[in-house]
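J.:
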Amino acid sequence: MDFHFPEEAEAFRAQLRAFIDQELPDWWRGMFIGGEQVWPFTIEFCRKLAGRGWLTRAWPKEYGGQGGTLTSLADARGPLTQTGEGISHWEQAVVREEMWAAHEPRGPQYMNLNFIGPTLMMFGSEEQKRRHMLPMARGEVIWCQGFSEPNAGSDLASLETRAVAVEGGFRISGQKIWTSYADHASWCFLLARTNPEVPQHKGITVFLLDMQSPGLTVRPFVALSGPSELNEVFLDDVFVPATNVVGEVNNGWHIITTALNFERIGVARYARSKATLDLVCDYARRTKRDGHALAKDPLIRQRLAQLQIEYLVARTLNYRVVDMQARGLVPTYEASIARVHNSLLDQSVGAAGMEILGFDGLLEPGDEAAPYDGMVDWAWRHSVQATIAIGTIEIQKNLIAQRGLGLPRG
């Protein structure tokens, strides 16, 4: 079995790394460190990626890509319709890895590229594609997703935001929560209930919501960990035209499960975990206690070696999913397996970093005495949500049991 990327993809990786090294400013530590200057930087960074044809490399040419694969409305386990070569999927995987290792300088636009855009390609109307795909491919627009609600998180199908049909469209009222980047987004990929009289999963519709619509209020959260991308979104009789309905009315659940699979695949968390692990290993080699480098301690060596193994497993599980895509298949439970291991790896690396760095690990970004600019502390604090975001780990295990093993609902 060959675990290496195709030669073309590795050549592309070398080009991309050189570009990242050239474009990242000295102050860049990620979206949540650096204040308001990060926003114009990420937009300009995406535009430069787009100018090289790298932002949406795996997308079809008609939507601003380099001739990748356009998926069809096939059954969730059926084949995709191929319009390009599988190599583009591996190159897109390279983009995800390198971006997450660099603390995602694409900023919030990673959501456009990883799942909102691909889902719109599958289910959107031609008018919707013409209007929205090219601005995404040019790196000009920020989207958010309106999924979770105060009483609908893991059980997303219990959402209560209501869309009532009126002349020319729908009036939507309700509340969304934990909505990343809503305070900067131009558009929202929104879920709302259009038929409360049918079973939960059958009365949901997907809408494209203009974030400048009258009746829409966004309220940012203040987090203990520092600046946050999270927001509450309140909808008070917001009008959405019928042309902004994605797919068929009341068929949104099928669309959203596809979007969530794209999202789980698109987050290369393991690459960021590896970047943090490299910092911890460097600290262990450089730091002496009782006259000996920490890396000489057999318990620490074993801990770091085990984490390296877990990283390789996480990477391989993600490559399995990429390979399925490149061969024209749609991953479902395979994406959940990769997601579970990615999340656990993120938390394991963060915890090990704090234990090995000791008091040094408590120094936050911005503290002049903090090793590695406080990025080990940052990684640990942000790993807490790894098993919650994009569907809790418990939900992922249920999906693996039901779709992968054929077990009944518990």
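Sequential numbering from 596 applies to the sequence shown in this note's numbering. Glycine residues also receive a C-beta, built at the ideal position from the N, C-alpha and C atoms.
#1: Which whole-angstrom value is the C-beta distance of Gln795 and Ala854, which I expect to be below 8 Å?
#2: For Gly948, which residues from the same chain have a beta carbon less than 7 Å from its beta carbon, with the 5 sequence-adjacent residues on both sides left out?
#3: Our contact map puts Thr611 next to Val690 with C-beta atoms below 8 Å; I'd like the distance itself, whole angstroms only.
#4: So what does DSSP say about Ile767, is it helix, strand or coil?
#5: Determine the DSSP secondary structure at Gly648, reduced to helix, strand or coil.
#6: So, at 7 Å on beta carbons, what are the nonlocal neighbours of Asp962 in its own chain, with the 5 sequence-adjacent residues on each side left out?
#7: Here's the rule: buried if 16 or more other CB atoms are within 10 angstroms of the residue's CB, otherwise exposed. What is Arg788?
#8: Could you check which residue in Thr637, Arg726 and Lys656 has the C-alpha nearest to that of Ala697?
#9: What did DSSP end up calling Asn746 once you bin it into helix, strand or coil?
#10: For Arg824 versus Ser775, is the C-beta distance shorter than 9 Å?
#11: With a threshold of 7 Å on Cβ separation, who are the neighbours of Leu912 within its own chain once the five nearest residues in sequence on each side are excluded?
#12: Going by beta carbon distance, what residues of the same chain come within less than 6 Å of Thr812, once the five residues before and after it are set aside?
#13: What would DSSP say about Ile990, mapped onto helix, strand or coil?
#14: From which residue to which residue does the alpha helix (DSSP H) around Glu618 run?
#15: Can you tell me whether DSSP reads His936 as helix, strand or coil?
#16: Rounded to the nearest angstrom, what separates Ile851 and Trp738 at their Cα positions?
#17: For Leu899, which residues in the same chain have their Cβ closer than 6 Å to its Cβ, ignoring the five residues on either side in sequence?
#18: Do you know offhand how far Thr651's Cα is from Arg733's?
#19: Quick check on this structure: which residue in Asn709, Val817 and Gly847 has the alpha carbon closest to the alpha carbon of Val862?
#20: Helix, strand or coil: how does DSSP classify Thr853 here?
#21: By how many angstroms is the C-alpha of Pro745 removed from the C-alpha of Gly660?
#22: Only counting the same chain, and skipping five residues up and downstream in sequence, which positions put a Cβ closer than 6 Å to that of Leu668?
#23: In angstroms with no decimal places, state the Cα-to-Cα distance between Leu1002 and Ile995.
#24: Quick check on DSSP: helix, strand or coil for Arg757?
#25: Under 9 Å between the Cβ atoms of Gly748 and Leu804?
#26: What three-state label does DSSP hand Arg880 in the structure shown?
#27: Can the beta-carbon of Gly769 be found closer than 9 Å to that of Asn839?
#28: What does the Cβ neighbour count give for Phe640, buried or exposed, with the cut at 16 atoms within 10 Å?
#29: Going by C-alpha distance, which of Val944, Glu929 and Asn846 is nearest Arg867?
T.: Reading from the atomic positions:
#1: Between Ala854 and Gln795 the Cβ distance is about 18 Å, and since that is not below 8 Å, they are no contact.
#2: These residues qualify, in order along the chain: Thr871, Val875, Gly956, Val971, Ala974 and Trp975.
#3: The question names Thr, yet the displayed sequence has Leu at residue 611. With 8 Å as the limit, Leu611 and Val690 qualify as a contact, their Cβ atoms being about 7 Å apart.
#4: The three-state reading of DSSP puts Ile767 in strand, counting E and B together.
#5: In the three-state reduction of the DSSP assignment, Gly648 falls in the coil class.
#6: Closer than 7 Å at the Cβ level, and outside the excluded window around Asp962, lie Gly969.
#7: Buried.
#8: Among Thr637, Arg726 and Lys656, the Cα nearest to that of Ala697 is on Thr637.
#9: Looking at Asn746 - three-state DSSP - the assignment turns out to be coil, as it is neither helix nor strand.
#10: Before going on, a small fix: residue 824 reads as Glu here, not Arg. Cβ atoms of Glu824 and Ser775: closer than 9 Å.
#11: Once the five neighbours on either side are set aside, the close Cβ partners of Leu912 are Ile932, Ala933 and His936.
#12: Counting only Cβ-Cβ distances below 6 Å, and skipping sequence neighbours, we find Phe829.
#13: In this structure, DSSP gives Ile990 a helical state, which the three-state scheme calls helix.
#14: First-last of the alpha helix (DSSP H) with Glu618: Glu602 to Glu618.
#15: Helix, per DSSP.
#16: Taking the straight line from one Cα to the other gives about 16 Å.
#17: Excluding positions up to five away in sequence, the list reads Cys876.
#18: In a straight line, the C-alpha of Thr651 is about 9 Å away from that of Arg733.
#19: Nearest neighbour of Val862 by Cα position, chosen from Asn709, Val817 and Gly847, turns out to be Asn709.
#20: Thr853 carries a helical assignment under DSSP once its states are collapsed to helix, strand and coil.
#21: Take the alpha-carbon of Gly660 and the one of Pro745: they are about 37 Å apart.
#22: Because the pLDDT at Leu668 is just 30, under 50, the model does not fix this residue reliably, and the value given afterwards should be weighed accordingly. Cβ neighbours of Leu668 beyond the five flanking positions: none.
#23: Straight through space, the alpha carbons of Ile995 and Leu1002 are spaced by roughly 9 Å.
#24: When secondary structure is reduced to three states using DSSP, Arg757 falls in the strand class.
#25: Using a Cβ distance threshold of 9 Å, Gly748 and Leu804 do not count as a contacting pair.
#26: In this structure, DSSP gives Arg880 a helical state, which the three-state scheme calls helix.
#27: Cβ distance not < 9 Å, so Gly769 and Asn839 don't count as in contact.
#28: So Phe640 ends up on the buried side.
#29: When only C-alpha atoms are compared, the closest one is Val944.
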